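First comes the structure, then the notes that go with it.
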Amino acid sequence: MKNLNTFAPVLFLVMWSSGAVIVKLGLQFASEWSFLTLRAALSFACISLMYLIAKRFYPNGFTQVRRQDFKSILAVGLMLQVLYLAFYILAIGSGISPGLVTLVLGLQPLITPLLCKQRLTATQIILLMVGFAGLAIAISGSQSIQHIAATGFGFALCALLTITGGTIWQANIRVHSVQAMFYQSGLATLSFGGLTLLTGWQVDWTGEFVFAWLWMSLVVSVGALLLLMYMVKQDSADKVSVLFYAIPVLTYLFDYLLFDEPLTLTTLLGMVIVASAVILYRKYTHARPANFANDAA
Numbered sequence: 027m028k029n030l031n032t033f034a035p036v037l038f039l040v041m042w043s044s045g046a047v048i049v050k051l052g053l054q055f056a057s058e059w060s061f062l063t064l065r066a067a068l069s070f071a072c073i074s075l076m077y078l079i080a081k082r083f084y085p086n087g088f089t090q091v092r093r094q095d096f097k098s099i100l101a102v103g104l105m106l107q108v109l110y111l112a113f114y115i116l117a118i119g120s121g122i123s124p125g126l127v128t129l130v131l132g133l134q135p136l137i138t139p140l141l142c143k144q145r146l147t148a149t150q151i152i153l154l155m156v157g158f159a160g161l162a163i164a165i166s167g168s169q170s171i172q173h174i175a176a177t178g179f180g181f182a183l184c185a186l187l188t189i190t191g192g193t194i195w196q197a198n199i200r201v202h203s204v205q206a207m208f209y210q211s212g213l214a215t216l217s218f219g220g221l222t223l224l225t226g227w228q229v230d231w232t233g234e235f236v237f238a239w240l241w242m243s244l245v246v247s248v249g250a251l252l253l254l255m256y257m258v259k260q261d262s263a264d265k266v267s268v269l270f271y272a273i274p275v276l277t278y279l280f281d282y283l284l285f286d287e288p289l290t291l292t293t294l295l296g297m298v299i300v301a302s303a304v305i306l307y308r309k310y311t312h313a314r315p316a317n318f319a320n321d322a323a
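Below, the structure is given as structure tokens:
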């Protein structure tokens, strides 16, 4: 378990940050809602299998879901697995680049403590601001800053609010993560399936599309979300949300590797600043309880 606590942030960042580039690949061969429907359906099938196996071998780990808990599970699923993904893809579809969308999402560590009404020290506030500055520098060094759409920014802001609210609310759910994701994945499948029926089916079954579909369904939507839920339960919401600073940085790296997008010195400088801010913030936050204990003694 200790090893998982150590490697969970790294695994989560790699999985989650790859999502933007994989979506970019998948949307070349399918419409937004068709892609999301297939992603949700496969994720639901995978998590259902995991749920059945877990209930079989670890029955004591699952409890009867109370009505209030069920409502919270569905609310979090609506925010994290339906609205967030929908707004994110709509933002990209409106003309704004994935890099600028992730810049907006980089505001999450700044608004999470405010929504949670958490008190931050001056050092924490400075590190958060340094991280956002590094994020702005990284993205300003790319060509994507030239493609700005007001509608896209609106969708990106909605994506920011839904993923922030979902992350905070998830911390209050006391149901097993697999059990919660079973219901949430089912909700996403029904929601995107209904939208696809209204807008029409459009999929070109190429090898690249199948790869994008499998990666988004299994690695990002199942693996990354399970890690997110696990980390939220282990850490406070603000310590988890600060990880999202590093997502645009890794997204650019994936974009460079898969689509040969150029990396400028300005972008690389911003990446270093972001990584440093994230590492120092997490190290400082984890060290605070011990320091307070020594001061009290």
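For the sequence shown, my numbering assigns the number 27 to the initial residue and increments by one for each residue that follows. Glycine included, every Cβ here is placed at the ideal spot set by N, Cα and C. In this text, all values refer to a predicted model and were calculated from it rather than measured experimentally.
In this structure, Thr63 sits near Phe218, with a CB-CB distance shorter than 7 Å.
Following the DSSP letters along the chain, one finds Ile199 in no alpha helix (DSSP H), marked with neither H nor E.
In this structure, the alpha-carbon of Gln205 lies about 16 Å from that of Ala66.
At a Cβ-Cβ threshold of 7 Å, Val275 and Met255 do not count as neighbours. By the 16-neighbour rule on beta-carbons within 10 angstroms, Val300 is buried. In the displayed model, Val229 falls within a strand according to three-state DSSP.
Ranked by Cα distance from Leu109, the first of Ala214, Ile99 and Gln228 is Ala214. A check of alpha carbon separations from Gly52 across Val304, Val236 and Leu283 identifies Val236 as the nearest.
Secondary structure note for Trp59: its alpha helix (DSSP H) is the uninterrupted segment Glu58 to Phe83.
Cβ atoms of Met242 and Ile73 stay farther apart than 8 Å, at about 14 Å. Assigned with DSSP and collapsed to three states, Ser120 falls in coil, not helix or strand. When the Cα atoms are used, Leu146 and Leu133 turn out to be separated by approximately 16 Å. Following the DSSP letters along the chain, one finds Thr149 inside the alpha helix (DSSP H) bounded by residues Ala148 to Ser166.
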